[in-house]
Amino acid sequence: RKEVEQDPGPFNVPEGATVAFNCTYSNSASQSFFWYRQDCRKEPKLLMSVYSSGNEDGRFTAQLNRASQYISLLIRDSKLSDSATYLCVAHFGNEKLTFGTGTRLTIIP
Amino acid sequence: DAGVIQSPRHEVTEMGQEVTLRCKPISGHDYLFWYRQTMMRGLELLIYFNNNVPIDDSGMPEDRFSAKMPNASFSTLKIQPSEPRDSAVYFCASSFSTGLTEAFFGQGTRLTVV
């Protein structure tokens, strides 16, 4: 089983809709989590950190459920510019970040 | 700051040739990571350094792969000899304190081995 698992998608969502995807992790000792965004043929970039209490940044909301070992990302009022691959990232207590394989999102006009 | 700088951006080489990928991390960052990304396997950590010292190279696929960090501002990833299955995008990333802070990625080197 992979340490971080995501539904690869693709998710095709009409503009203005709300979309959510989850990511599960296998190591209960994991300490911190992040969502990265990767545009086509570009490098990954940090979208937001995920805090235990949940956090929001504009149209984006991240949640952490330690009991069920998953994190989620919710995008409201989706824009065409939100089309990208979203990578779930976990830090398992050592010094390295472990990435999921990503969920591909396409916003349709 | 110019960010993490990788070179070359693209590399096409013949099977059996030596390939060297280069990375300049962000000044002041003490962690450096080499990742490989393919469609099938996603983003895989190959090796990472802390203060120029290799900490974990368990992700390096074979002895054909080697990485060095002779100083705080430069690292190389070498493949010798290269094989077609090494074709991928190789990313270098750096951070000030991994796990709790953002990792900044370079633009990657797209390697094609024919």
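Chains as they are written, first to last, in my numbering: chain A, -12 to 96; chain B, 185 to 298.
Built from N, CA and C at the ideal position, the CB exists for glycine as well.
Predicted model, so just to flag it, every value in this text is computed and none were measured.
- Message: Taking CB distances under 8 Å as the criterion, tell me whether residue 74 of chain A reaches chain B.
- Response: In terms of beta-carbon proximity, residue 74 of chain A lines the interface with chain B, with at least one pair separated by less than 8 Å.
- Message: Residues of the region 28 to 59 of chain A in Cβ contact with chain B at a cutoff of 9 Å, in chain order, please.
- Response: Taking 9 Å as the Cβ-Cβ cut-off against chain B, the residues of the region 28 to 59 of chain A that qualify are 28, 29, 30, 31, 32, 33 and 36.
- Query: With a CB to CB cut of under 7 Å and the five nearest residues on each side skipped, what residues in its chain are close to residue 26 of chain A?
  - Reply: The residues 71, in chain order, have a CB closer than 7 Å to that of residue 26 of chain A in the same chain once the five nearest residues on each side in sequence are set aside.
- For residue 229 of chain B, which residues in chain A fall below 9 Å Cβ to Cβ? Correct list: 83, 84, 85 and 86.
- Query: Going by other Cβ atoms of all chains shown within 10 Å of its Cβ, with 16 needed for buried, is residue 195 of chain B buried or exposed?
  - Reply: Buried is the call here.
- Contact check, residue 265 of chain B vs residue 202 of chain B, beta carbons under 8 Å: Going by C-beta atoms, residue 265 of chain B is nearer than 8 Å to residue 202 of chain B.
- Given a threshold of 16 other Cβ atoms within 10 Å of its Cβ, counted over all protein chains shown, does residue 277 of chain B qualify as buried or as exposed? Buried is the call here.
- Message: For residue 40 of chain A, tell me which candidate among A/19, A/77 and A/1 has the shortest Cα-Cα distance.
- Response: Out of A/19, A/77 and A/1, the CA that lies nearest to the CA of residue 40 of chain A is found in A/19.
- Message: I want to see whether chain A comes within less than 8 Å of residue 232 of chain B, judged by CB atoms only; does it?
- Response: Closer than 8 Å: yes.
- Message: In this structure, how does DSSP classify residue -5 of chain A when only helix, strand and coil are distinguished?
- Response: The answer is coil: DSSP assigns residue -5 of chain A none of H, G, I, E or B.
- The beta strand (DSSP E) spanning residue 79 of chain A covers which residue range? DSSP places residue 79 of chain A outside any beta strand (DSSP E), giving it a letter other than H or E.
- Message: Which residues does DSSP list as the beta-bridge partners of residue 54 of chain A?
- Response: DSSP, once it has assigned bridges, lists no residue as partnering residue 54 of chain A.
- Message: Let me check understanding here. Comparing Cα to Cα, which of B/250, B/271 and B/213 lies closest to residue 263 of chain B?
- Response: When the alpha-carbon of residue 263 of chain B is set against those of B/250, B/271 and B/213, the nearest one is in B/250.
- Query: What residues from chain A crowd round residue 290 of chain B, counting only those whose CB sits closer than 9 Å?
  - Reply: Using a Cβ-Cβ cut-off of 9 Å, residue 290 of chain B is close to 30 of chain A, given in chain order.
- Query: From what residue to what residue does the beta strand (DSSP E) around residue 44 of chain A run?
  - Reply: Unbroken beta strand (DSSP E) run through residue 44 of chain A: 42 to 44.
- Task: Can you give me the Cβ contacts of residue 239 of chain B inside the same chain, cut-off strictly under 6 Å, excluding the 5 residues immediately before and after it?
- Result: For residue 239 of chain B, same chain residues with a beta-carbon under 6 Å away, outside a window of 5 residues either side, are 232 in chain order.
- From residue 222 of chain B to residue 199 of chain B, what does the alpha carbon distance come to, in whole angstroms? Residue 222 of chain B and residue 199 of chain B have their C-alpha atoms some 18 Å from each other.
- Item | Own chain, CB closer than 7 Å to residue 44 of chain A, minus 5 neighbours either side, in chain order | These residues qualify, in order along the chain: 35.
- Using a cut-off of 7 Å between C-beta atoms, extract the partners of residue 120 of chain A located in chain B. Past the boundaries of the shown model lies residue 120 of chain A; chain A is included only from -12 to 96, so the question cannot be answered.
- Message: Using a Cβ-Cβ distance cut-off of 8 Å, determine whether residue 249 of chain B contacts chain A.
- Response: Not one chain A Cβ lies under 8 Å of residue 249 of chain B.
- Give a yes or no on whether the C-beta atoms belonging to residue 23 of chain A and residue 92 of chain A are separated by under 8 Å. Going by beta carbons, residue 23 of chain A and residue 92 of chain A fall outside the 8 Å limit.
- Could you pull out every residue in the same chain whose Cβ sits closer than 6 Å to the Cβ of residue 227 of chain B, ignoring the five residues on either side in sequence? Taken in chain order, the residues that qualify are 219 and 221.
- If you count every other CB in all the chains shown that lies within 10 Å of the CB of residue 2 of chain A, and 16 or more means buried, which is it? Around the beta carbon of residue 2 of chain A, a 10 Å sphere encloses fewer than 16 other beta carbons of the protein chains shown; the residue is thus reported as exposed.
- Reduced DSSP category for residue 268 of chain B - H, G, I as helix; E, B as strand; rest coil: The answer is helix: DSSP assigns residue 268 of chain B an H, G or I state.
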